[in-house]
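Data first, discussion second: the structure below is written as C-alpha cells.
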Amino acid sequence: MTASLPHDPMLPRRFRVLRAWAEIDGVASMELTPIDAPSAPFRPGQFNMLYAFGVGEVPVSISGDFVRPEAIVHTTRNVGAVSAALVALKAGDIIGLRGPFGSDWPVAQETGRHAVFVAGGLGLAPLRPAIYHVLRNRGAYSGLSVVYGARSPDELLFASEMKDWKSRLDAKVEVSVDHAAPGWSGRVGVVTTILGRALSGVDPATVSAFVCGPEIMMRFTVETLAIAGVSQDRIWISMERSMKCAVGFCGHCQFGPDFVCKDGPVFRHDTVAARIALKEV
Amino acid sequence: MAPRPKLAVWKFASCDGCQLTLLDCEDELLAIADALDIAQFLEATKVATDGPYDVSLVEGSITTAHDAQRIRDIRAQTKTLITIGACATAGGTQSLRNFADVDAYTSMVYAHPDYISTLATSTPISDHVKVDFELRGCPVSKHQLLELISATLAGRKPHVPLTSQCTECKQHGTTCVTVAHGIPCLGPVTQAGCGNLCPSVGRGCYGCFGPKETPNAAALSAQMAGLGLPPRALRDLYRSFNAAAPEFQAESKRHD
Amino acid sequence: MTERIIQVDALARVEGEGALYVRLNGAQIEAVEFRIFEPPRFFEAFMVGRDAREAPDITSRICGICPIAYIMGASQAVEQALGIGTSPDIEALRRMLYCGEWIQSHVLHAAMLHAPDFLGLADAIEIAKTNPDLVRKALRLKKLGNTLMEVIGGRSVHPVNTRIGGFYRAPEVERIRALIPELEWGAQAARELTLAFAGFDFPADEYDYHFVSLVHPEDYPITQGRIGSSRGLDIPVADFNAHFSEHHVARSNALQGRMKDGSAYLVGPLARYTNNYDRLSASCQATALEAGLGPVVRNPFKSILVRMIEVQYACEEAARIAGSYVAPSPAFFVAPDRAGEGHGCTEAPRGLCYHHYRIDAEGRIEMAQIVPPTSQNQPQIEADLTRVVAANLGMADDALKWRCEQTIRNYDPCISCATHFLKLTVDRV
Amino acid sequence: MTQYPVSAIMLRDPSLLVGALIAEGWRVIGPKLDQNAIVYDQLINGDDLPRGLTDEQEAGHYRMVPGRDGRWFDYVVGPQSWKKWLFPARQKLWSATRRDDGFDIEAQATDWPKTAFIGVRACEIAAMAVQDRVFDNGSFADSAYAVRRRDTLIVAVQCARSGATCFCASMETGPRASAGFDIALTELDDGLFADSGSDRGAAILARLNAHPAQPRQRQEAQEVSARAAAMQVRRMPANAPEVLRAQPDHPQWDEVANRCLSCGNCTLACPTCFCTDVEDVTDLSGNHAERWRSWDSCFSVDFTYVHGGSVRRSVKSRYRQWMTHKLSSWVDQFGTSGCVGCGRCITWCPVGIDITKEVAAIAASGSEG
Ligand SMILES: Cc1cc2nc3c(=O)[nH]c(=O)nc-3n(C[C@H](O)[C@H](O)[C@H](O)COP(=O)(O)OP(=O)(O)OC[C@H]3O[C@@H](n4cnc5c(N)ncnc54)[C@H](O)[C@@H]3O)c2cc1C
Ligand code: SF4
Ligand code: SF4
Ligand code: SF4
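Protein chains in written order, with our numbering: chain A, -19 to 261; chain B, 338 to 593; chain C, 151 to 579; chain D, 6 to 374.
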C-alpha cells in the first residue's frame, strides 16, 4: 500500500521573492508571493518556517501587514548559515515556506485599552503587524505607545517608519540605544529606562503590553511593567526556542508543558512567569 | 559560473588513512574534482597551485618545530581550515609519547639521535592555529567527509552530531553490548559518526571518534570497573587514538 | 662542467612525505638520496607496556593504506607468543580480507598514482578527461577492494572486526557470497587494465635484483609462508633478524634494511611474482604472457603490470574463498595471558612486512619490532635511482626529474610505514 | 468481555498464526533472537520465533537465559520497541531539485505494505496510543505515521511474567491489554488462548480453524496476567506528575547528573519518546537536496541550540527535562503520562539509572519541604 502525504505539514510550499531590501547592516527584508497555492491568512505575531534551497529551514516571524497575506514580509538578521542565505535573497528567487504557525499577539481583543509595545533589537519585527493593526484602528484603543531599544543608532530597525509613527499625535514613540554614536541626539540606556517615561501619565490598569526581544530584555521589561502596576495577565511576550518542525512533532521547542511552536511563541506572561524565573528550562 | 572553490589537502604526522578516505570516495571522486579545484593534494596529484585556498583539509598532528611553522603558513593562506581525523584533532596515536617519561625515552637513544628532530609532544592542529571545523575519527568516516564537503559547497552547516555513539547504536537497532553482554564500551562517552561499527560486530567501542560533548567518563569508568575491568585496562582504553583529547587524557590519568 | 641538481622537495603521489635529491657534476653522480622526512611516530616505543591484544589495532595506525598488513602481522606474532592457533576457516577469511587490501592498494597505486607517470599527466583526474572509462573501471575496482574490507572488517581503513584469535563476528554467508559476481567482474577488469597498461612506453631498464618474498609450496603468498629469495635464501620467518638488519642514515627518518652482508634487496610485487610465478593461476599467467611478461620481471617500471596481475589474482582468490566460505565457528579463539615471543610475516602490497614481539606473563608487550617493506626497499630505491640517472644523463633536467620520480614510484613507497618506528629523541623547543 | 462475534480459540503453536498471516499476504514482524537479545524483525516463517528463552533484566543489565521448557513468549520487552517500525529512526521527508527558475519539491511517498505485528505487549500498545496523540496533536497530523498505524494489524501477547524492571501495573498500562489489539494471545500450560479485539482480528481467528477456548481457559488467562502483575517489584508513585512539577530545584537532580552519562540511551529505547532532528542533505553538484528526519534526544546539548548557545547546557537540566517531560508535562500536553512502565530506560541505561528510584528520591524528601 503506498500513500502519498496529503497536506503534509512538513512539506514546504514555494514562494517567490517579489522584493528584497536591506534594512540595517546584516538585516534584510523581503516580500514573498505564493507559487504553489494561495498563502494562508496569518495573525500578527505568527511565524513561518523558511527554507533556503540546500541550506536549511528556520523560523522567522512575519513582519509585514496581515491584511495583505498575498505579499508576506519577513525581516531576517544574518547570524548563521540559513539566515545568511535568506538575507542574500534577491527579487525573483524562490524559497520554501511552511506556515503560518503559532499563537498571536491578541491585540484585536484588547480594544479600549492602552496598547504598549516594547521591542528590543529585531524584536520589533514580529510586533510590527500588531502595531499596524492598532494604528489602523487607533480609535478603538485608549492609547498607543511604542518603546524601542537597540544596541546602537545604526541598529535601529524600520527607522523611517518609526519617524512617521512618532509624528502622529495619537502615538507615543520612545526610542533609546544602549551605546550612542556621533550624531545621536536621542536617549541612551536600556529599554527599561525609557519605558517609565512612556508609561508616565498612563493608568497602569488600562495597559496591555506586548513585549518582544532577547529573553533577558523581556525579563527586565516585565519587571518594570509590574512595578508600574501593569497586571501580569495583560502582558504578552514572545519566546524563542530551537525549532525543527514548528508543528509539535520534533520536541525541540519545549518550554515546560508548552511547545513554543504551537502553544507560543506568544504567551501571556502570567502563564509562563514561574518557568521564566528558572534556569535552563 | 562562479569559480570553483580551491581545495588543498595537507599532511602532518599521520598514517595517511584520513586522506585515503577521500580517495576512497570512488563513486564521488570525479564529482568532487568537478566541484572543487584541487590545488594541493600531494598524495594524489602533482598539481601544486599556490594559495590562497578556500578550504584546507588538514590530516596529522604537529610533532616537529618545522611542522609547527608549516601549519601557521597554511592557516595564513586558508579561508576555512578543517582538520580531518584523530591525529589532527587530538594528536593521534603518536600522542602516546605525551604520557611517556620523556627522560626515559631520551635515554633510549638511537644510533644517531642527532639525525632526527622531534618535539616532546604530538599536538592537535588547534593547539597551533585557529581551526574552523574538526572532523573526528581514526579514520574519519567517508559519510561524514562527504557531508562536510557537500555542506561546505552548499553553504550549509554540516550535519555532524556531537552526541554519543549510543545514539548510532540505537538508531541502527544494535543491541547495547555493555548491557546485554557485559562488554566494556566507550560508546556512551564517544562521539557518534563512525556508523556504529564496533558494537555492530559485538565489540565495545574503543573511542576512535574521541570524546562526545559533555562526556561523563568518571561515571562510565565506575560502571566498567564494576564489570571487572582493572585500572590499567581502563587507563589504556582511554589512552589510544585520542589519548590527548582533554577529557580522555584526564580520565586515563585518573587510573594511572 | 657545471653542477646539476635534480631535486623534488615533496614527492607527489606517494603515501607520506619524501624527497629526492640528486647532485651531478658533469657525468659524475655525486649524490643520490631518497629522503624520508615524514616525522617519526614511535610506535615500537609506546607499545611497550600495552596489552599484546591491542597490537593489531595500534599497529594498524602505522599505515592507513595497508592496515591489514599490520593487523595480520601483529596477530600472527601475538598469537604465536600467546600460544594459540586459529582455524582454517578463520585463516581463509583473513586471506580474503587481505585480498581486499591488495586490490584497493594496488589499484590506487597503479591506476591513480603510477599510470599518470607513463602518460605525462599530473593525476588520475587528468586521465579521466581523455579516458574516463579507464578511470571509472579503476575506481570501481578499487571500490571492490574496499567493499571486501568493509564486509569482512567493518571498514576499509583500520578495520574493527579483526582481533587476536580471529574475528569479532563472522560475516554472514550471504554477504560474502554476494561479493562473488563483482569479484568475477573484478578479475576481468584487472586483466583489461593490465593489458591497457601494457601498452605504455616502458623505459628500457633491467636489473638483476635480489628478490625477497614469502614463499609457499601451494599458495601465491599473502598471509603465510617462509622467507625465500631469488638467490636461494629459504628461512623460517623467525630467522628474519639473522639475515636482515636495519641501518640509520642521516638523511632519512626511516631505517634502511639491508642483508647482513650490507647488500640491498628488493621486496614487493616483482619479488613475489618472480619467486612464486608457478603458484599464480593459469589465467593470471595468461594475462602476464599477453602483457609481455615472462616468469621473471627485472624491469622495475613494469611493476605496474605485475601489480595489476596481482589484482586479478586477488579477485580470483577472493571469489574462490567466497565460494566455499563457511562462517568460522568459533569466530575467534581466546588468548590467555602468558609470557612468550612471536614472529609474524605477511606480504603487504608493497612487500614483506615483519613483526616481532616479546610479551610478559601478564600479556603485556616487552619489546616490539616492526620492519615494513618500504624501509627494506630504500637502499634498492637509491641504487635504482643511481642507475637510472647514469643511463639518462642526456635528458633535460625536467625530464630527468620526472624519470627519477617515476623510478621511486615503481616501489609504491609507503613513507608513513617506513617512519613508524624510530625510538624517541627529543628536541625541546 | 469480547465484543466480537467469534469466540476465543486455543492455539497450539503461534507459528500457525504466523504462517496463516504470511499466507494471507501480511508482512509479519515479530520477536527474533539476534545477538542474544529479543528484537523485532520481519519473520520469514513461524520458525523464526524464539522458544524456551527468557530474559533476566535489572538496571543496566539484560541477559537471555533458558526459560520454561517450550514456552514461546516467556521473555518480556527487549532493547527495541515498535517505534522502530512505526516511527523509523531515519525518514526522508521530501526532496528538491534545482531548476532554471528556482526549484521543485517532491513529497516522499510512504511505503508500508500491510503489516502484522506479533508479540506486542500491553505496555507497547499503550505506548502506541501515546504516540498516536503526539503525531496527531489536534492541530497537525503526521500522515506517514497515520498510514503505517492504519495498515498494521496488532497481535498482542499478554505477559505471563514480569521482568524485574517492569512497572506497567503502577502505570495502569498492563500487564493485560484490554484494547488496542486485533488479536491477543495468552500463553497457558495447554497452549495459547487467542482472543480477538477487532473484527479483522476475529475474522483471522475464525479462519484458523482451531478449537474454541473453554471458559476455564479464559479464566486462566486472566489469572496469568494477575500473577504477572503481582510479580512486579518496581512501581511509579502515582503522584509523580505533581512531585516533579513542584521540584525543579531538588538536590536529587544534581545527584543524578553525577551518574548520568547524557548518552541518550533512555530516550532512544523508550517506546514513547518522539523527539527528532531534521537534516538537510545536498549532493556534490548542489542541484539535489533532501530533508531527512531522525531520532534525536533531549540529552544532546544541540537539542536546545539557538543562535548564541544552548538553553539546557548542564546534564542536570537535560535529565530534569527528560524525566519531568516524560512523567509530568506530558500529562499537560497530551492528557496522558509519557511513561508506560516498560522499564526499558532502566534496563538499557548503561549505568543503571532507575526512573522509579529517582522519582521516589525526589518524592521522599520533596514532601517534607
Ligand atoms: C518563533 C521564532 C521567530 C523568529 N523570528 C525571527 C525573525 O523575525 N527574524 C530573525 O532574524 N530571526 C528570527 N528568529 C530567529 C531565527 O530563527 C534564527 O536566527 C535562525 O534560526 C538562525 O539560523 P542560522 O542557521 O542562520 O544560524 P545558526 O546559529 O548557524 O543556527 C543553526 C541552526 O540552529 C537553529 N537555530 C539557531 N538559532 C535559532 C533561533 N533563534 N530560534 C530557533 N532555531 C534556531 C536553526 O535550526 C539553525 O539552522 C525567530 C526564531 C523563532 C523561534
Ligand atoms: S586519524 Fe587515524 S586514520 Fe587518520 S591519519 Fe591519523 S592515524 Fe591515520
Ligand atoms: S520512560 Fe522508561 S519505563 Fe517509561 S515508557 Fe519510557 S522507557 Fe519505558
Ligand atoms: S539516564 Fe542513563 S541512559 Fe539516560 S542519558 Fe543518562 S546515562 Fe544515558
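No residue lacks a Cβ here, since even glycine has one placed at the ideal position from N, Cα and C.
Contacts of residue 310 of chain C in chain B (Cβ-Cβ under 7 Å):
Per Cβ cutoff of 7 Å: 534, 535, 538 and 540.
The segment 496 to 507 of chain B: which residues have C-beta closer than 9 Å to a C-beta of chain D, in chain order?
Those residues of the segment 496 to 507 of chain B that come within reach of chain D (Cβ to Cβ, closer than 9 Å) are 496, 498, 499, 500, 501, 502, 503, 504, 506 and 507.
List, in order along the chain, the chain B residues whose C-beta lies closer than 8 Å to that of residue 302 of chain D?
Contact note: residue 302 of chain D reaches chain B through 500 and 504, using a C-beta cutoff of 8 Å and chain order.
Per DSSP, what kind of secondary structure is residue 496 of chain B in: helix, strand or coil?
Three-state DSSP puts residue 496 of chain B in coil, outside helix and strand.
For residue 400 of chain B, return the contacting residues in chain D, with the cut-off set at a CB-CB distance below 8 Å.
Those within 8 Å of residue 400 of chain B in chain D number zero; the least Cβ separation is about 32 Å.
Three-state secondary structure (DSSP) at residue 249 of chain A?
When secondary structure is reduced to three states using DSSP, residue 249 of chain A falls in the helix class.
What does a CB cutoff of less than 7 Å around residue 35 of chain A pick up in its chain, not counting 5 residues either side in sequence?
So the qualifying residues of the chain are 61, 62 and 65.
Name, going along the chain, the residues of the segment 379 to 405 of chain B whose beta-carbon falls closer than 7 Å to a beta-carbon of chain C.
Of all residues in the segment 379 to 405 of chain B, 379, 380, 381, 382, 383, 384, 400, 401, 402 and 404 have a Cβ within less than 7 Å of some Cβ in chain C.
Under three-state DSSP, which class holds residue 74 of chain D?
Annotated three-state conformation of residue 74 of chain D is coil, per DSSP.
Segment limits, beta strand (DSSP E) that includes residue 79 of chain A:
Going by DSSP, residue 79 of chain A is part of the beta strand (DSSP E) stretching over 74 to 81.
Uninterrupted beta strand (DSSP E) stretches inside the segment 404 to 438 of chain B (no shorter than 3 residues):
Every beta strand (DSSP E) of 3 residues or more that sits fully in the segment 404 to 438 of chain B is shown, in chain order, as 415 to 421.
Rounded straight-line distance, which links the Cα of residue 75 of chain A to that of residue 120 of chain D
About 38 Å.
Sequence-distant residues of the same chain with beta carbon closer than 8 Å to residue 539 of chain B, five excluded per side
Excluding sequence neighbours, residue 539 of chain B sits near 514, 518 and 520.
Using CA atoms only, rank isn't needed, just tell me which of C:306, C:452 and C:333 is closest to residue 349 of chain C.
With respect to the C-alpha of residue 349 of chain C, the residue from C:306, C:452 and C:333 having the closest C-alpha is C:452.
Hey, how far is the Cα of residue 333 of chain C from the Cα of residue 246 of chain C?
Straight across, the Cα-Cα distance linking residue 333 of chain C with residue 246 of chain C is about 11 Å.
Less than 7 Å separating the Cβ of residue 299 of chain D from some heavy atom of ligand 1?
At a cut-off of 7 Å, the beta-carbon of residue 299 of chain D does not count as near ligand 1: no heavy atom of the ligand is closer than that.
Considering only their Cβ atoms, is the gap separating residue 321 of chain C from residue 217 of chain C smaller than 8 Å?
No, they are not a contact pair.
Excluding five sequence neighbours on each side, which residues of the same chain lie with their C-beta closer than 7 Å to the C-beta of residue 353 of chain B?
Within the same chain, and ignoring the five residues on either side of residue 353 of chain B in sequence, the residues whose Cβ sits closer than 7 Å to its Cβ are 380.
Using only CA atoms, which one of A:260, A:230 and A:135 lies nearest to residue 141 of chain D?
The residue with the shortest Cα to Cα distance from residue 141 of chain D is A:230.
Reducing DSSP to helix, strand and coil, say where residue 131 of chain A ends up.
Taken through DSSP and simplified to helix, strand or coil, residue 131 of chain A comes out as coil.
Exposure label - residue 180 of chain A; buried when at least 16 CB within 10 Å
Answer is exposed; the Cβ neighbour count stays below 16.
Run through DSSP, which three-state label would residue 451 of chain B get?
Caution is warranted here: a pLDDT of 48 is assigned to residue 451 of chain B, below 50, making its placement in the model unreliable, and no coordinate value can be reported.
Residue 339 of chain D in three-state terms, based on DSSP
Reduced to three states, the DSSP call for residue 339 of chain D is helix.
Against chain D, does residue 474 of chain B count as a neighbour if the rule is that its beta carbon must be under 8 Å from one of theirs?
Chain D places no beta carbon closer than 8 Å to that of residue 474 of chain B, leaving this residue out of the contacts.
Just to confirm, are residue 383 of chain B and residue 548 of chain C a CB contact at a threshold of 8 Å?
No, they are not a contact pair.
When the Cα of residue 130 of chain A is compared with those of A:98, A:122, A:202 and A:236, which residue comes out closest?
Nearest of A:98, A:122, A:202 and A:236 to residue 130 of chain A, Cα basis: A:98.
Name, in chain order, the residues that DSSP records as bridge partners for residue 377 of chain C.
C:364 and C:385.
CB contact flag (residue 84 of chain A, residue 246 of chain A, <8 Å)
Yes, the pair counts as a contact, with Cβ atoms nearer than the cut-off.
Contact check, residue 105 of chain A vs residue 43 of chain A under 8 Å by CB: the rounded distance?
Your pair residue 105 of chain A and residue 43 of chain A checks out as a contact, with CB atoms roughly 4 Å apart and the cut at 8 Å.
Do you know offhand how far residue 448 of chain B's Cα is from residue 498 of chain C's?
Below a pLDDT of 50, predicted positions are generally treated as unreliable, and residue 448 of chain B, at 46, falls in that range; the measurement from the model is reported next regardless. Cα to Cα, the separation comes out at about 28 Å.
To the nearest angstrom, how far is it from the Cα of residue 333 of chain D to the Cα of residue 364 of chain D?
Answer to the nearest angstrom: the Cα atoms are 11 Å apart.
Comparing the CB of residue 61 of chain A with every heavy atom of ligand 5, is any distance shorter than 7 Å?
For the structure depicted, ligand 5 is absent and the ligand set comprises only ligand 1, ligand 2, ligand 3 and ligand 4.
Beta-carbon within less than 8 Å of residue 575 of chain C's beta-carbon, same chain only, minus the 5 sequence neighbours each way: which residues are those?
Bear in mind that a pLDDT of 39 at residue 575 of chain C, under 50, signals an unreliable position, so the number given afterwards is only what the model happens to contain. Nothing meets the Cβ criterion.
Using beta carbons (cut-off 8 Å, strictly below), is residue -10 of chain A in contact with chain D?
Yes, residue -10 of chain A lies at the interface with chain D (some Cβ there is under 8 Å from its Cβ).
Spell out a yes or no on whether the segment 274 to 287 of chain C and the segment 198 to 209 of chain C are touching, meaning 3 or more CB-CB pairs, one atom from each, closer than 8 Å.
Between the segment 274 to 287 of chain C and the segment 198 to 209 of chain C, the count of C-beta pairs closer than 8 Å stays below three; the two stretches do not touch.
List the whole-angstrom C-beta distance separating residue 403 of chain D from residue 230 of chain D, where the pair is believed to meet the contact cut-off of C-beta under 8 Å.
It is not possible to answer for residue 403 of chain D, since the shown part of chain D is limited to 6 through 374.
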